[in-house]
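In our numbering, each number is its position in the sequence shown, counted from 1, plus 135.
All C-beta atoms, glycine included, are put in the ideal place defined by N, C-alpha and C.
Here the structure is a predicted model, which is why all the values come from computation and not from measurement.
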Amino acid sequence: MLLNDRVCIITGAASARGIGKATARLFASHGARVAVLDLDAGQAEAAARDIGPGHIGLACNVTDRAACSTAAEEIIGRLGRIDVLVNNAGITQPLKIMEIGPENYDAVTDVNLRGTLYMSQAVIPAMRGQGSGAIVCMSSVSAQRGGGIFGGPHYSAAKGGVLGLAKAMARELGPDGVRVNSVTPGLIKTDITGGKLTPELKVEIAKGIPLGRLGVADDVANACLFLASDLSTYITGAVIDVNGGMLI
Ligand code: NAD
Numbered sequence: 136m137l138l139n140d141r142v143c144i145i146t147g148a149a150s151a152r153g154i155g156k157a158t159a160r161l162f163a164s165h166g167a168r169v170a171v172l173d174l175d176a177g178q179a180e181a182a183a184r185d186i187g188p189g190h191i192g193l194a195c196n197v198t199d200r201a202a203c204s205t206a207a208e209e210i211i212g213r214l215g216r217i218d219v220l221v222n223n224a225g226i227t228q229p230l231k232i233m234e235i236g237p238e239n240y241d242a243v244t245d246v247n248l249r250g251t252l253y254m255s256q257a258v259i260p261a262m263r264g265q266g267s268g269a270i271v272c273m274s275s276v277s278a279q280r281g282g283g284i285f286g287g288p289h290y291s292a293a294k295g296g297v298l299g300l301a302k303a304m305a306r307e308l309g310p311d312g313v314r315v316n317s318v319t320p321g322l323i324k325t326d327i328t329g330g331k332l333t334p335e336l337k338v339e340i341a342k343g344i345p346l347g348r349l350g351v352a353d354d355v356a357n358a359c360l361f362l363a364s365d366l367s368t369y370i371t372g373a374v375i376d377v378n379g380g381m382l383i
């Protein structure tokens, strides 16, 4: 039980096959009380029920600063404190550089980067107040190698921004007892990637991965658990690659 009684918020955690939901389930199995946040209240509540009793689901669009604060306040009201935040909500757009218009740039940057800032700002006062906390930010291999099959260049830029933001937060919040780390998943089978992966494409992609397979959501959830728990109490500002060796 690595998260006994810890209150953990996971954004973008309602998607059935997603990394957020897998992380919520894993955290719950380690004793956490989980707040599932996502765009739709009904889906967030259903996901919370799905992982077991005692968890809560709330609507929260992470691009809305006031909504992030309201969600954090409600979670403190209902669960008493906030120990962990996983900034997982994200969207991709498979565009090429000259196809990116202002609305594409705004949409992708807003969810992936602005959302990470706003949700972190919403929980930092509580974490500072209690002198402890762990924030995990979901970046991507796309930030490290520039593009991928599913995210566009603006997605790479936003996820690169997440890495910088996480390091800056780690530096500033370390003295307050709050740790901030990032995870960079490679190609993980979820709804973001799922529909577009033909069997041929999977075989082709796997050839470029030393461990010989695509990732699954639990691979990423395990890294989040490590960074959220006391197994990583001397780790902050770090980036954990969960990509099967794709960058070697
Ligand atoms: P997913 O589509 O299954 O889940 C994303 C979730 O975010 C959805 O439930 C969606 O409703 C939610 N969401 C979208 N916009 C939101 C908003 N404004 N506010 C709140 N929630 C919002 O995708 P996934 O593959 O599980 O991705 C999870 C995270 O992992 C994302 O940040 C993604 O960029 C990152 N990632 C995924 C992969 C991959 O291969 N699947 C690789 C690298 C990084």
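Cβ separation of residue i and residue j, assumed to be a contact under 8 angstroms, to the nearest whole Å
i: A170; j: D353; result: Rounded, the Cβ-Cβ distance is 20 angstroms, inconsistent with contact.
i: V374; j: V355; result: V374 to V355, Cβ: 13 angstroms. No contact.
i: T146; j: A224; result: 4 angstroms
i: L248; j: L300; result: 7 angstroms
i: S275; j: G282; result: Between G282 and S275 the Cβ distance is about 10 angstroms, and since that is not below 8 angstroms, they are no contact.
i: A242; j: I226; result: 7 angstroms
i: R168; j: T325; result: No, R168 and T325 are not in contact; Cβ-Cβ is about 24 angstroms, not under 8 angstroms.
i: C359; j: V271; result: 5 angstroms
i: G266; j: G312; result: 4 angstroms
i: D218; j: R314; result: With a Cβ gap of about 11 angstroms, D218 and R314 do not count as contacting.
i: H190; j: Y240; result: Not a contact, Cβ separation roughly 35 angstroms.
i: P345; j: I370; result: With 8 angstroms as the limit, P345 and I370 do not qualify as a contact, their Cβ atoms being about 24 angstroms apart.
Where residue i falls, given that 16 or more other Cβ within 10 Å makes a residue buried
i: P229; result: exposed
i: G392; result: The requested residue 392 is not part of the displayed model; the chain covers only 136 to 383.
i: L366; result: exposed
i: I144; result: buried
i: D175; result: exposed
i: P260; result: exposed
i: V112; result: One cannot answer for residue 112 here, as it falls past the ends of the chain, which runs 136 to 383.
i: L336; result: exposed
i: A303; result: exposed
i: G250; result: buried
i: M136; result: exposed
i: T319; result: buried
i: G84; result: The question about residue 84 has no answer here: the residues shown for the chain are numbered 136 through 383.
i: G343; result: exposed
i: G350; result: buried
Spatial neighbours of residue i in its chain, beta-carbon cut-off 7 angstroms, leaving aside the 5 residues before and after
i: N139; result: G166
i: T328; result: F285, L322
i: R160; result: I186
i: L298; result: S274, A278, S317, V374
i: A179; result: A149, V171, L172, D173, G192, L193, A194
i: R309; result: Looking at the sequence shown, residue 309 is not Arg but Gly. Closer than 7 angstroms at the Cβ level, and outside the excluded window around G309, lie T371.
i: G295; result: A278
i: R384; result: What the structure shows of the chain is the stretch from 136 to 383, and residue 384 is not part of that stretch, so it cannot be assessed.
DSSP bridge partner residues for residue i (one or two, in chain order)
i: V351; result: For V351, which the question treats as bridged, DSSP gives no partner whatsoever.
i: I375; result: V318
i: G192; result: V171
i: R139; result: First, the amino acid is wrong: residue 139 is Asn here, not Arg. None, per the DSSP bridge assignment.
i: N222; result: C272
i: I144; result: A170, L220
Contact set for residue i: own chain, Cβ-Cβ below 8 angstroms, skip 5 residues either direction
i: Y253; result: V197, T198, D199, R200, C203
i: D245; result: T198
i: G347; result: A341, G379
i: E234; result: G287
i: I210; result: V142, I144, A170, I191, L193, I217
i: R184; result: H190, G192
6 angstroms Cβ shell around residue i - same chain, five flanking residues per side excluded
i: A207; result: A257, V258
i: M262; result: G268, V313
i: F405; result: This structure does not reach residue 405, given that the chain is present from 136 up to 383, and the question cannot be answered.
i: A293; result: V243, T244, N247, L248
i: N357; result: none
i: G177; result: none
- request: Can you check the stretch 161-188 for any alpha helix (DSSP H) of at least 4 residues that lies completely inside it and give the ranges in chain order?
  value: 176-186
message: I'd like the ranges of any alpha helix (DSSP H) spanning at least 4 consecutive residues and lying wholly in the stretch 302-336.
response: Those alpha helix (DSSP H) runs which fall completely within the stretch 302-336 and span 4+ residues are 326-329.
query: Unbroken alpha helix (DSSP H) runs of length 4 or more, entirely within the stretch 238-281: which are they?
result: 250-265, 276-280
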